[in-house]
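Structure first, commentary second.
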Amino acid sequence: KKVIDFSDPIYKGGVVLMGRTDEIGPQEEASGEAYKDFDGKRAGIRTGSSFEPITFEYFANSEYSYFDSDSDLITAINTNKIDFFLTDEPVAAMEHIQQSSVDYLHEPIMDDDYHFGFQKDTERSELLQSQFNEFLAKYKSEGKLDELKYKWIEGEESKKVIDVGELTCENGNLIVAVLPDNMPFSYTANNQLVGYAVELTLEFAKEYD
Numbered sequence: 111k112k113v114i115d116f117s118d119p120i121y122k123g124g125v126v127l128m129g130r131t132d133e134i135g136p137q138e139e140a141s142g143e144a145y146k147d148f149d150g151k152r153a154g155i156r157t158g159s160s161f162e163p164i165t166f167e168y169f170a171n172s173e174y175s176y177f178d179s180d181s182d183l184i185t186a187i188n189t190n191k192i193d194f195f196l197t198d199e200p201v202a203a204m205e206h207i208q209q210s211s212v213d214y215l216h217e218p219i220m221d222d223d224y225h226f227g228f229q230k231d232t233e234r235s236e237l238l239q240s241q242f243n244e245f246l247a248k249y250k251s252e253g254k255l256d257e258l259k260y261k262w263i264e265g266e267e268s269k270k271v272i273d274v275g276e277l278t279c280e281n282g283n284l285i286v287a288v289l290p291d292n293m294p295f296s297y298t299a300n301n302q303l304v305g306y307a308v309e310l311t312l313e314f315a316k317e318y319d
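With positions in the sequence shown counted from 1, the corresponding number in this note's numbering is that position plus 110.
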């Protein structure tokens with residue numbers, strides 16, 4: 111926050127525990143602290159992620175193994191190399207839909223909202239931040255944010271495409287930094303950059319030319 115200005119939340123989620131479906135068990139029977147049952151079991155950690163200190167804090171008695179990607183962590187779960195790992199709730203929801211062998215505790219270990227970041231203390235970035243928050247409020251009130259969430263997390267794979275359409279660029283160009291492997295927010299599929307945050311960015315660009 112000292113060096114970046116943030117938008118209002120684009121997604122409200124949290125940090126959740128993901129493991130094998132048979133060990134996660136029925137969600138209606140899970141208590142708010144069901145994650146404590148995994149302390150002492152084998153934990154996977156994505157290298158260099160913010161989940162590392164959280165894993166250390168909540169699972170002090172576990173063994174730790176490091177992996178370079180979420181797909182590597184899922185593979186480690188399915189091959190019984192680890193018992194669980196921490197990840198973002200939308201990522202866990204998407205992985206569970208794609209692979210029934212893995213599931214997650216729906217009660218987050220901690221809440222975690224997601225935002226866009228803007229360059230700090232410039233007239234242009236302050237305007238963009240204000241415009242984006244206005245757009246986000248309108249998009250949310252019209253129910254389009256929920257539609258976007260459903261599309262990229264629970265929707266059919268065949269419909270997870272983006273129609274760039276016509277961009278007039280009358281008010282200039284935006285330079286946007288994204289992660290290329292951050293499902294469901296921004297990732298590459300069929301040689302196209304897609305995802306929840308990518309489509310949200312394009313809709314904003316269309317709204318303000």
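Ideal Cβ positions, reconstructed from N, Cα and C, are used throughout, including at glycine.
All of these numbers come straight from a predicted model, not from anything done at the bench.
The C-alpha of Asp223 is placed about 20 Å away from the C-alpha of Ile155. Comparing C-alpha distances from Asn283 to each of Leu196, Leu312 and Asp273 shows the shortest one belongs to Leu312. As computed with DSSP, Gly123 is found in a beta bridge with Asp222. Contact annotation, Gly305 with Tyr318: C-beta distance approximately 20 Å; criterion of less than 8 Å not satisfied.
Taking the Cα of Met128 as reference, the smallest distance to any Cα among Ser117, Phe148, Val113 and Asn243 is reached at Phe148. Contact between the region 210 to 219 and the region 115 to 127 is present, with at least three C-beta pairs closer than 8 Å.
Residue environment: Ala202 is assigned as buried (16 or more neighbouring CB atoms within 10 Å of its CB, all protein chains considered). In the three-state reduction of the DSSP assignment, Asp147 falls in the helix class. Using a C-beta cut-off of 8 Å, the region 184 to 204 makes no contact with the region 238 to 254, since fewer than three inter-stretch Cβ pairs fall below that distance. By the neighbour-count criterion, in which a residue is buried when 16 or more other Cβ atoms sit within 10 angstroms of its Cβ, Tyr145 is buried. Setting aside the 5 residues that flank it on each side, Phe245 is surrounded in the same chain by Phe314 and Glu317, each with a C-beta closer than 6 Å to its C-beta; the list follows chain order. By the C-beta criterion, the region 190 to 198 is judged to be in contact with the region 151 to 165, since at least 3 inter-stretch pairs fall below 8 Å. Note: Ile114 is bridge-paired with Gln229 in the DSSP secondary-structure output. Relative to the Cα of Lys191, the nearest Cα in the group Ser210, Ser175, Ser181 and Phe295 belongs to Ser175. Beta-bridge analysis with DSSP links Val271 to no other residue.
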